[in-house]
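Trainee:
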Amino acid sequence: MPTPAPKDPDYAERIRASFDKQGLMATLGASLVRIAPGAVEIALTPTPAVSQQHGFVHAGAVSAIADSAAGYSALTLMPQGAGVLTVEFKINLLAPAAGDLILARGRVIKAGRTLTLAQAEVFAEADGKARLVSVLSATLMTIEGRDGVAD
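Each residue of the sequence shown is one higher than the one before, starting from 1 at the first, in UniProt numbering.
(1) Using CA coordinates, which residue listed in Thr27, Ala82, Val108, Leu132 is at the minimum distance from Thr139?
(2) Gly23 lies in the alpha helix (DSSP H); which residues open and close that run?
(3) If you draw a straight line from the C-alpha of Pro96 to the C-alpha of Tyr11, how long is it?
(4) Got a sec, what are the start and stop residues for the alpha helix (DSSP H) Val62 sits in?
(5) Using beta-carbon positions only, say whether Ala111 and Ala74 come within less than 8 Å of one another.
(6) Compare the Cα-Cα distances from Gly29 to each of Leu103, Ala36, Ala126, Arg113 and report the closest residue.
(7) If you draw a straight line from the C-alpha of Leu44 to the C-alpha of Pro6, how long is it?
(8) With a threshold of 6 Å on Cβ separation, who are the neighbours of Glu88 within its own chain once the five nearest residues in sequence on each side are excluded?
In structure tokens, the structure reads:
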């Protein structure tokens, strides 16, 4: 199924501006690396600040970048002035998140008028090789006409 065209011609600028307002992404040290219609990638360089007791990137940090990648992939296809909120997500943690870079690749599965289904795959990159470490499935809601929620 082809990805629908963005309803907002300035979607990439809107995604960047919204991402820059996220305190959690700044705290984690995450960054946007790709924005395209129906797809967003977020990278995280592992540091002790985001690790768990065994030295792997904490599942909370992995979940956060996966949720944001899925949410922003959905927002790329929403109308100008709309906001996006996660309604629910499920994450499967397949392997420890350890490596030089953790990359969440969000993509829209089906964009609806109110609800969008998106997925994020998270990869741990080390020594030039990428390994799938988690898969997130999310339902996201388009928010329109609500003060303080437009992205």
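Glycine residues also receive a C-beta, built at the ideal position from the N, C-alpha and C atoms. Being a predicted model, the structure only gives us computed values, none of them experimental.
Mentor: Answer, in terms of the structure:
(1) Closest option to Thr139, Cα to Cα, is Val108.
(2) Here the alpha helix (DSSP H) through Gly23 covers 23-28.
(3) Roughly 33 Å separates the two Cα atoms.
(4) Bounds of the alpha helix (DSSP H) holding Val62 are 59-75.
(5) For Ala111 and Ala74, yes; Cβs fall inside 8 Å.
(6) When only C-alpha atoms are compared, the closest one is Leu103.
(7) Cα-Cα distance, rounded: 26 Å.
(8) Cβ within range, chain order: Thr139.
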